[in-house]
Every structure is written in structure tokens, then in C-alpha cells.
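**Q** Everything in the sequence shown is counted per my numbering, starting at 17 for the first residue and increasing by one.
We put the beta carbon where it would ideally sit given N, CA and C, even for glycine.
Have a look at the structure that comes next, please.
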Amino acid sequence: MGGNRISVIGTGYVGLVGGVCLADFGNFVINADIDQGKIKKLKAGEIPIYEPGLQEIFDRVTQQGRIDFTTDLKKALDNSEIIFIAVGTPPQEDGSVDLKYVLEVAREIGRNISEHKIVVNKSTVPVGTGQVVKKTIEQELKRRGAKTSFDVVSNPEFLREGKAVFDFTHPDRIVIGTESKEAQEKLQEVYRPLYLNNTPFMFCNMETAELIKYACNAFLATKISFINEMANLCEKVNANIKDVARAMGMDGRISPKFLHPGPGYGGSCFPKDTRAIVKIAEANGVQLKTVKAVIETNEAQKFLMVDKIVSKMGPFQGKTLAILGLTFKPETDDMREAPSLTIIPEIIRQGARVRVFDPEGFKEAFWRLQSFADNITYCNSEYEAAEGAHALIIITEWNQFRKMDLNRISRLLQEPYFFDLRNIYTRKEVLNAGLNYIGVGIPDNNI
Ligand SMILES: NC(=O)c1ccc[n+]([C@@H]2O[C@H](COP(=O)([O-])OP(=O)(O)OC[C@H]3O[C@@H](n4cnc5c(N)ncnc54)[C@H](O)[C@@H]3O)[C@@H](O)[C@H]2O)c1
């Protein structure tokens, strides 16, 4: 069998999806992680994250013997010619990126390699990190007197959680940041099915590739904050954001994507990457005023949602609110920086209790909302959450919340407040069930 020998370090959303899909592209992959629990599960055929479509490919490539899992980094490095770094790059208190996991892997590479390797950085890292990785490997090689050659490449990942498998196998483009011709050619081989399928490959230097990733995320976050502000304005001037966004989206220069107002963006990427690019720019004497405003708007949006709810139903004291959706978006179990983690504590601080339901988020929510546990009831369905509540609030637009039996919801609620923070219902259908409809950017008299 052909195919390149690859190791993927990190088995999170990017590393595991990447590893499994690269194996399916015909490569031989060793997926390594320091988390013994994750590797144990993976070896037993169990996927530790919720990601639609992953299990099927996982089963196929494990059966074909194209992928192996290990906590032994040395084994992974020894058995691969191409090493993908896909470990976490979490934010620090001040918003800058914590590179300790990436640099630890770089040190391990320097300590262990004895033949030429291509080191591909897939983690989202500040501009210049590729050079730091290179120096770190060189230092370790020097320390042990080894003369092993290697290339460092930046190959940022653009997948979305919840659609990660599709995105990895149908990317809009593959960005490869390196000046090494050999590394460029090797990566074309690694991504062979995509290359043959006419996926655009974009070659540039390492710094450009690193910045492309932040520029994309900052721009998408900007679209979200922009449409959220337009929605807030719509509510005051009797305009409907759905129509505004639709007409904006018809303009080819704008595109309809990311023009859906809501309770603010969350997740493991946008909040972290917007703060990081501001820091990266500041460190280089550049002020990113637009991105700073985007971050500020996003923070404010979560609290504006709570203000909106209070303004419609009155003070929360003694009330119970049903909350549907905790994860930062549907089809994931990821709760990192989810708007619900700001909205729920604020609701509780203002005196209400909450009854919550989410199809996949509970495991994460339990510990993230631990200090509010006394005021949270975890329910088994959207209907159980609605039972006896004074209002229902949709925070995350899981598919099953799009087609609820509204008459049943209406009967279960004590008071008829229906807050649709994702605009997934029309006012008309909600009114027909005897409930008051409150969306985002949809004026009160709009049917
Ligand atoms: N999650 C996304 O949607 C997404 C999308 C594009 C890019 N990214 C970027 O990709 C990177 C990874 O993100 P993620 O969401 O997959 O992270 P994650 O936190 O889900 O997974 C990271 C994994 O790396 C492992 N790890 C840490 N140090 C290690 C080491 N020394 N050796 C081996 N394994 C180690 C951890 O145990 C963990 O399993 C980040 O830089 C992120 O910004 C994420």
C-alpha cells in the first residue's frame, strides 16, 4: 500500500479529525496524545469527542490498519516522515496565546528525531511561531550533537466543529506556508485526493500562512458582531434584520454567510483568536481598532440578551427560565466560551433559577457551571425544561429545537414568553401557539 507515514500530535477536534481523515486519504497515521484517557478510548474504538460523521471513517481506517493511537511520542516521531502538530493553543489571562504545548512538542521532536522530518504546524499560532518552533528544535538537536535536517511548515486548519469531517475533506483551500519545495511537494502528496479534486493550494511563506488563519477568524467574527449591532438597531427602528441580512447577502461582495444575529459568538477559536491577533499586532506596534471593537461588541451582546429578556418579562426574582442549548453552536459538545456560560450565570445572579437542556453539552456544562449548580436543573428534553418555567429561551439552534411542538410548550410554560435568540421561528407560528415571540432584530409589530 502507498501513502505517506504521518504522525499527528494531539487528538482534539483538529488532531483527531485530521488524523482520521488523513488516514482515509491513503496515508498511514499515528495519532499521539499525552492524555492517556483519550488514547485508551481511541484504542478501544471509542471517539472521545462528539463530531458527526467521524465514527464511520474512524471505523474504516482502523479496520484497514491505517491509523494507530499512542501516548508514546517517540514512537510516533520515529515512525513518521511528516509530523503534524495539532495541540491546543489556549489563551492566557491577558489574551495572548499560551504556546507551552506547541513548544513542548517542538522540544520532543528535537530530542528524538534521527532522520529528516517535515514538521507541519496545524495549531493556530501567533505569527513568528514557526520560526520559534524551528529554533527550539535546532537547540535540542544541538544539545545532543545531532545534525538531523528538518523543515518547518505552517498549514493552518479552517475546519468548523460540528462539520469538521466535511470541512477537512472539502476545504475551500489548503494553505501551505514554507519555502521548501520538497515540503510543498510532500504536502501535496499527503493531501493527494484534494489536490486531484482541484482544491486550491496556496503556497506562501510561514508568516503569511500563520497570519491568514487569524485574518480569516477575525473577519468572520467581525461579520457576526456587525450583524448583531445591526439587529440591535433594527429593534429600535422597526426594521427586520432577516430582510436586511438577506438583502446584504445577495450582494456578491458580502455573501450571505455569517450574517445571522444571535447572542454573540463563542467557541474555542473566535474569542481566543480575535484577542490573540490584537496582542500580536500590539506587540508589533499596530493597533487593530476594528478587531478590538468586535471583541467589545461580542461581550456586550451576551448581556444585551439578558437585558432584553428582563425588559420583556420583568425582574427575574423568584422566576424560573427554561434554557435550550448550552454549547456554543449545534452539533458539538464543545462549551468553550459558549455565550450560555455568560448568560446563565447572569440570569441566576439576577435572581432566577434555570431549567436547561442540551443534546450533547451536559458533560462539559456540569463542571463549567458547577458554582451555579444549586440554581440549575438539568432536564432530559426541551419539554421537561419548559415545564413550569416562566419563559423559554433558545440559546443554541440544535435541529431538534427548530421543530418543537409549540402548543405543547405553551401548555407547559407558566407564562407565555418565548425568546428565540437564534431567529429559528417566525413570530406568526409562535403567536399561533399563544406565546409572545421575541427574536433578535425583529421588531415587536413584525409578523
Ligand atoms: N477546534 C476547532 O474548531 C479548531 C479549528 C481550527 C483550528 N484550531 C486550532 O487547532 C489547535 C487544536 O485545537 P483543538 O480544538 O483540536 O484542541 P483540543 O484542546 O481539543 O485538543 C488538543 C489536544 O492536544 C493534546 N496535547 C497537549 N499537549 C500535548 C503534547 N505535548 N503531546 C501530545 N498531545 C498533547 C491534548 O491532550 C488535547 O487532546 C488549536 O491551536 C486551535 O486553535 C481549532
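Counting along the chain, where does the alpha helix (DSSP H) carrying isoleucine 410 start and finish?
**A** Run containing isoleucine 410: none in the alpha helix (DSSP H); it sits in the beta strand (DSSP E), 407–410.
**Q** Beta carbon of alanine 354: closer than 7 Å to some heavy atom of ligand 2?
**A** Among the ligands in the structure shown, ligand 2 does not appear; only ligand 1 can be found there.
**Q** Could you give the DSSP three-state label for methionine 246: helix, strand or coil?
**A** Methionine 246: helix per DSSP, three-state reduction.
**Q** Indicate, with yes or no, if ligand 1 has a heavy atom lying under 7 Å from the CB of alanine 237.
**A** No, since every heavy atom of ligand 1 falls outside the 7 Å radius drawn around the Cβ of alanine 237.
**Q** For histidine 132, collect the residues of the same chain with a Cβ closer than 6 Å to its Cβ; drop the 5 residues on either side in sequence, then sort them by chain order.
**A** Taken in chain order, the residues that qualify are Ser165.
**Q** Tell me which residue opens and which closes the alpha helix (DSSP H) that glycine 31 is part of.
**A** 29–40 is the extent of the alpha helix (DSSP H) around glycine 31.
**Q** For a test of your reading of the model: does the CB of serine 139 fall under 7 Å from any non-hydrogen atom of ligand 1? Yes or no.
**A** Indeed, a heavy atom of ligand 1 lies less than 7 Å from the Cβ.
**Q** What does the alpha-carbon distance come out to for the pair isoleucine 141 and isoleucine 425?
**A** At residue 141 the sequence reads valine, which differs from the isoleucine that was named. Going by the C-alpha atoms only, they are around 45 Å apart.
**Q** Below 7 Å, is the gap between the Cβ of aspartate 436 and the nearest heavy atom of ligand 1?
**A** No, ligand 1 has no heavy atom inside 7 Å of this Cβ.
**Q** Around the Cβ of proline 277, are there at least 16 other Cβ atoms within 10 angstroms (buried) or fewer (exposed)?
**A** Buried.
**Q** Looking only at its chain, what residues have a beta carbon closer than 7 Å to the beta carbon of phenylalanine 74, apart from the 5 residues adjacent to it on each side?
**A** Excluding residues within five positions, the ones whose Cβ falls inside 7 Å are Val36, Ile63.
**Q** Spatial neighbours of leucine 115 within its chain, please: C-beta separation below 7 Å, excluding the five flanking residues on both sides.
**A** Excluding sequence neighbours, leucine 115 sits near Thr105, Val141, Thr145.
**Q** Straight-line CA distance for cysteine 250 to aspartate 460?
**A** So the alpha carbons of these two residues sit roughly 11 Å apart.
**Q** Would you say leucine 422 and leucine 451 are within 8 Å of each other, going by their C-beta atoms?
**A** Going by C-beta atoms, leucine 422 is nearer than 8 Å to leucine 451.
**Q** Within 10 Å of its beta-carbon, does arginine 352 have 16 or more other beta-carbons around it, so buried, or fewer, so exposed?
**A** Under this definition arginine 352 is a buried residue.
**Q** When you compare only the Cα positions, how much space is there between glycine 178 and valine 103?
**A** So the two alpha carbons sit approximately 19 Å from each other.
**Q** Quick one: grab the DSSP three-state call for alanine 48.
**A** If DSSP states are grouped into helix, strand and coil, alanine 48 belongs with the strands.
**Q** What is the DSSP secondary structure of phenylalanine 286, counted as helix, strand or coil?
**A** Phenylalanine 286: helix per DSSP, three-state reduction.
**Q** If you check the beta carbons only, do arginine 443 and tyrosine 453 fall under 8 Å apart?
**A** Taking 8 Å as the Cβ cut-off, arginine 443 and tyrosine 453 qualify as a contacting pair.
**Q** Assign leucine 275 to one of two classes, buried (16 or more other C-beta atoms within 10 Å of its C-beta) or exposed (fewer than that).
**A** It is buried - the Cβ of leucine 275 has at least 16 other Cβ atoms within 10 Å.
**Q** Excluding sequence positions up to five away, which residues of its chain have a Cβ less than 7 Å from the Cβ of threonine 86?
**A** Cβ neighbours of threonine 86 beyond the five flanking positions: Ile46, Ala48, Ile55, Ala92.
**Q** In the DSSP assignment, what are the bridge partners of glycine 193?
**A** Ser170, Cys220, per the DSSP bridge assignment.
**Q** So, do the stretch 360–371 and the stretch 314–322 have three or more beta carbon pairs nearer to each other than 8 Å?
**A** Yes, since at least three Cβ pairs between the stretch 360–371 and the stretch 314–322 fall closer than 8 Å, the two stretches touch.
**Q** Measuring CA to CA, which of Gly334, Gly367, Ala381 is closest to leucine 357?
**A** When only C-alpha atoms are compared, the closest one is Ala381.
**Q** Should aspartate 49 be counted as a contact of ligand 1 given a C-beta to heavy atom distance under 7 Å?
**A** True, at least one ligand heavy atom lies under 7 Å from that Cβ.
**Q** Identify, in the order they occur along the chain, each residue of the same chain with its Cβ nearer than 6 Å to the Cβ of methionine 17, setting aside the five sequence neighbours on each side.
**A** For methionine 17, the predicted model reports a pLDDT of 49, less than 50, meaning its position is unreliable and no value from the coordinates is stated.
**Q** For ligand 1, any of its heavy atoms closer than 7 Å to the Cβ of cysteine 37?
**A** No - ligand 1 has no heavy atom lying nearer than 7 Å to the Cβ of cysteine 37.
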